[in-house]
Amino acid sequence: MTDCLKITADNIATAAGVLTNGGLVAFPTETVYGLGANACDGDAVAAIFVAKQRPSFNPLISHVATSDMAFDLGRKTPIAAALAAAFWPGPLTLILHRTDNCPLARLTSAGLDKIAIRVPSHAGARELLTTFGGAIAAPSANPSGRLSPSRAEHVMALMDGQIDMVLDGGPCESGLESTIVDCTGEEAVLLRPGGVTRAALSAALSSAGLDGTIIHSAPLSDGEAPISPGQLSSHYAPKNALRLNAQSRHDNEIFIGFGPDCPASEDGYNLSSSGNLREAAARLFDILHDADNTGGDRGIAIAPIPIEGLGEAINDRLHRAAAPR
Ligand code: TXA
Ligand code: MG
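Sequential numbering from -19 applies to the sequence shown in my numbering.
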């Protein structure tokens, strides 16, 4: 069910077609294999979370072919420009604010206003990005809680049958994930150590005439993974109150339904009128955002979402959004 093909020009063209059609393709980078989908297609990105079997939505890195494309998606800052010039293409991920016309699906950044972008240096990854022509959202190609894969065989052992295709480019150069730096503020903030060292980051900033200070991120959640903003319990919260498991709308509320049996109302939303959880995941952040922005001071009431498959991640996110703050 999953094709594992050598990374040739023909197979890259096939892979680009699979991505265009909303499919999932694992591909090599200079760090680890990524599990790719069209980053602008929320439904395709939802399929990544199905394949990863994560009970929550983690924001994903969007991979692009050039720095210019990166800065069409994320707002350039002096720090970002200096680091991009020094280390792209390469194992560095920059966290930037979305640009006003950023076409990335909101699910790609798990509803955050900041996005993660990287221009990889691996020749095969670059050819895939150029042929595809857009941004590819890709977490490491392992199920949640398993080691990141550095060979196509690792990906096949972990994901066979869950994804459409693996492009086999042999072993990855480093096996160590990219360094992640938040470039949105006055100083660079290191969120995940990786292929590019702290000393190298600092030197690049200094030689660009900027402050070479690298701030460390908030406490690490465990040995390896930083707590990203997407995982903080109150990070994504609408301005107005959010009421879960609602059967209907109260006065001064906007209703978000799920499934065919929900009462339709003139300003109501439905995450998926056919009750499809993948569609609901793909639309969740757009609809929350929209309801919050157009609702004035009205609260949001949302119908119960079944806790199965992607419903687990949807409920996780809704509970965080509704948490007292
Ligand atoms: O080397 C790599 O970075 C590999 C290859 C495939 O590019 N990718 C990778 O992705 O390691 P993943 O999903 O396993 O790790 C991405 C990390 C996560 O810890 C996530 O929380 C963080 O990036 N991240 C993504 N978007 C973020 C954002 N907007 N703010 C903060 N952290 C973010
Ligand atoms: Mg990972």
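Every residue, glycine too, gets a C-beta built ideally from N, C-alpha and C.
Source: prediction; values computed, not measured.
Fewer than three pairs of CB atoms, one per stretch, sit closer than 8 Å, so the region 61 to 75 makes no contact with the region 107 to 127.
Judged by DSSP in its simplified three-state form, asparagine 273 adopts helix. In the DSSP assignment, methionine 49 falls within the unbroken alpha helix (DSSP H) covering 47 to 53. With a cut-off of 8 Å on Cβ pairs, the region 94 to 114 is in contact with the region 49 to 60, counting three or more such pairs. In this structure, proline 173 keeps its C-beta atom at 8 Å or more from the C-beta atom of threonine 193. A residue is called buried once 16 or more other Cβ atoms fall within 10 Å of its Cβ, and serine 228, having fewer, is exposed.
The count of Cβ pairs closer than 8 Å, one atom from the region 72 to 83 and one from the region 136 to 154, stays below three, leaving the stretches out of contact. Of the residues assessed, methionine -19 falls on the exposed side of the cut-off, its CB having fewer than 16 other CB atoms within 10 angstroms. For the pair threonine 88 and serine 42, the CB atoms are nearer than the 8 Å cut-off. Methionine 139: member of the alpha helix (DSSP H) spanning 132 to 139, first to last residue. If you draw a straight line from the Cα of isoleucine -8 to the Cα of glycine 276, it is about 47 Å long. Judged by pairs of C-beta atoms under 8 Å, the region 112 to 123 touches the region 2 to 17, as three or more such pairs exist.
With respect to the 8 Å criterion, isoleucine 195 and glutamate 157 are not classified as neighbours on the basis of their beta carbons. For threonine 164, same chain residues with a beta-carbon under 7 Å away, outside a window of 5 residues either side, are Thr57, Ile75, Leu76, His77 and Lys94 in chain order. Between isoleucine 234 and alanine 271, the gap from beta carbon to beta carbon is short of 8 Å. In this structure, the beta-carbon distance from alanine 132 to cysteine 20 does not fall below 8 Å.
Shortest Cα-Cα distance from phenylalanine 29 to any of Ala221, Asn1 and Ala260 involves Ala260. A residue is called buried when at least 16 other Cβ atoms come within 10 angstroms of its Cβ; proline 39 meets this threshold and is buried. By the C-beta density criterion, serine 252 is buried, having at least 16 other C-beta atoms within 10 angstroms.
Arginine 278 places its beta carbon 8 Å or farther from that of asparagine 225. DSSP, reduced to helix, strand and coil, places asparagine 250 within a strand of the structure shown.
In this structure isoleucine 267 is not in contact with isoleucine 294, their Cβ atoms being roughly 11 Å apart against a cut-off of 8 Å. Alanine -5 is positioned such that its CB atom lies closer than 8 Å to that of methionine 145. Here the C-alpha atom of threonine 110 lies approximately 45 Å from the C-alpha atom of proline 304. Here isoleucine 95 is bridged, per DSSP, to Leu76.
Residue side-chain check: serine 158 keeps its Cβ at 7 Å or more from all non-hydrogen atoms of the ligand MG. Only residues of its own chain outside the window of five on either side were considered, and among them Phe37, Asn38, Pro39, Leu40, Gly210, Tyr216, Phe265 and Arg297 have a CB closer than 8 Å to the CB of alanine 90, listed in chain order.
Looking at the backbone, the Cα of threonine 177 and that of asparagine 256 are separated by about 43 Å.
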